[in-house]
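Basically our numbering = 1-based index in the sequence shown + 34.
A short write-up of the structure that comes next.
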Amino acid sequence: METTETLRPDAPGLARAAALLRMGRLVAFPTETVYGLGADATSDMACARIFEAKGRPRFNPLIAHVDSMEMARGLAVFDARAEALAAAFWPGPLTLVLPTAGVVSPLVTADLPTVALRFPAHPTARALIAAAGRPLAAPSANPSGRVSPTRAAHVLEGLSGRIAAVIDDGPCAVGVESTILGVFEALTLLRPGGLAVEEIERLMGPLTLPPKTALPNAPGQLESHYAPDAPLRLNATTPGAVHIGFGPGPGRLNLSPKGSLVEAAANLFHLLREADALAEGAEITVAPIPEIGLGRAINDRLRRAAAPR
Ligand code: TXA
Ligand code: MG
């Protein structure tokens with residue numbers, strides 16, 4: 035066990051975080067989607083610590099986070115489609131899987147010929163990558179298989195004593211992880227997320243869905259993930275004792291009383307944690323969520339959270 039420092043997103047806090055990262059230590063930091071568990075993506079030792087701290091299977095590759103197109107182009111091969119996607123949606127909640135240039139640790143790519151890159155929009159994330167001066171590998175900062183963190187307190191609940199520091203910069207605005215797109219022969223949706231599929235399709239045309247057997251397993255393909263302790267019942271039209279609502283209606287836990295899917299995504303993981311604490315192991319029911327826009331990412335996470343373990 036180590037003592038986990040809580041740092042502020044100011045100049046001294048960022049300098050301390052960057053120094054820890056350069057020493058090969060783990061620092062959790064905010065992004066616009068969820069808090070990430072950062073490590074120097076070019077260091078095998080630092081990346082190995084991510085798998086250890088999260089209890090994450092080694093075959094599950096990591097996303098390398100960059101703070102510029104220059105850094106991104108040094109890590110992967112960009113074709114015209116990748117350039118167009120980056121120009122339209124970066125910085126932002128989109129991860130591109132591209133042919134690797136072989137610069138990041140093989141633990142990041144899980145020895146695949148591709149690397150997942152993300153250029154986050156969050157100013158603190160960008161400042162941290164710039165201060166560290168290298169790409170940061172960062173999965174969501176939670177124990178593997180559990181609910182992703184959207185606040186520094188969530189990070190500490192799961193990983194306190196296992197990581198060097200967390201930068202506390204308040205709640206994440208988007209609230210679900212990035213959309214992951216494979217820039218393969220066909221543009222392939224590997225995980226629905228914080229950028230609506232409709233927005234990508236408006237620019238690039240229809241996306242392909244991966245074959246069910248495709249490796250590696252993105253969280254969107256793993257059966258059980260994002261799991262609270264309590265069992266979940268989805269599309270519940272009659273609320274149970276602990277109910278997560280959506281849209282107008284009574285109830286203390288509501289993803290968005292006004293029925294906004296953007297607001298619902300931002301509240302999802304926090305409300306799952308609150309419901310879990312209230313339910314004490316009994317069932318949690320969740321209202322139906324429309325399968326459009328960010329609703330696709332929300333339903334994906336809810337299905338994984340409800341999957342048998
Ligand atoms: O919003 C996000 O993407 C957050 C924040 C911290 O940026 N990060 C995140 O990381 O969600 P993580 O590790 O929880 O999910 C990354 C997923 C992996 O599970 C993996 O399956 C997929 O990205 N992935 C990474 N590299 C890949 C590759 N080369 N090919 C296919 N999938 C890949
Ligand atoms: Mg995750």
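Note that beta-carbon positions come from the ideal geometry of N, C-alpha and C, so glycine has one too.
The structure displayed is predicted, hence computed values, not measured ones.
TODO: Let me know the secondary structure DSSP gives H99 once reduced to three states.
DONE: strand
Task: DSSP state of N269 mapped onto helix, strand, coil - done: coil
Open item on the list: Is T184 near the ligand TXA - that is, is its Cβ less than 7 Å away from at least one heavy atom of it?
Closed with: no
TODO: Give the DSSP-derived three-state secondary structure of G89 in the structure shown.
DONE: coil
Task: For G285 and P291, the rounded distance between their alpha carbons - done: 10 Å
Task: Where P154 falls, given that 16 or more other Cβ within 10 Å makes a residue buried - done: buried
Task: Outcome for N288 when other beta-carbon atoms lying within 10 angstroms are tallied against a minimum of 16 - done: buried
Task: Secondary structure, beta strand (DSSP E): runs of 3+ residues fully inside the segment 262–342 - done: 276–279 and 318–320
Task: Cβ neighbour criterion (16 or more within 10 Å) applied to F93 - done: exposed
Task: Exposed unless 16 or more other CB atoms sit within 10 angstroms - verdict on R225 - done: buried
Open item on the list: Any heavy atom of the ligand MG closer than 7 Å to the beta-carbon of P345?
Closed with: Because the chain spans 35 through 343 in this model, residue 345 falls outside it and cannot be assessed.
Task: Nearest-angstrom Cβ-Cβ length linking L241 and I234, presumed shorter than 8 Å - done: 6 Å
Task: With 16 other Cβ atoms within 10 Å as the buried cut-off, status of D334 - done: buried
TODO: Take A316 as the anchor and find which of G274, G329 and R330 has the nearest alpha-carbon.
DONE: G274
Task: Best match in A114, D203 and A164 for proximity to P64 [C-alpha to C-alpha] - done: D203
Open item on the list: Just to confirm the assignment, what range does the alpha helix (DSSP H) spanning R160 have?
Closed with: P157 to A166
- [ ] Below 8 Å on the Cβ atoms is my guess for V61 versus A75; work out the distance and round it to an integer in Å.
- [x] The Cβ separation is near 13 Å, so there is no contact.
Open item on the list: With the cut-off set at 8 Å, would you say L54 and A199 are in Cβ contact?
Closed with: yes
- [ ] To the nearest angstrom, report how far apart R267 and V142 are at their CA atoms.
- [x] 35 Å
TODO: Indicate the three-state DSSP secondary structure (helix, strand or coil) for P253 in the structure shown.
DONE: Low confidence applies to P253: its pLDDT is 48, below 50, so where it sits in the model is not reliable, and the reading given next is rough at best. Reduced to three states, the DSSP call for P253 is coil.
- [ ] Check each candidate in L305, V217, A187 and E232 and name the one with the smallest Cα separation from E39.
- [x] A187
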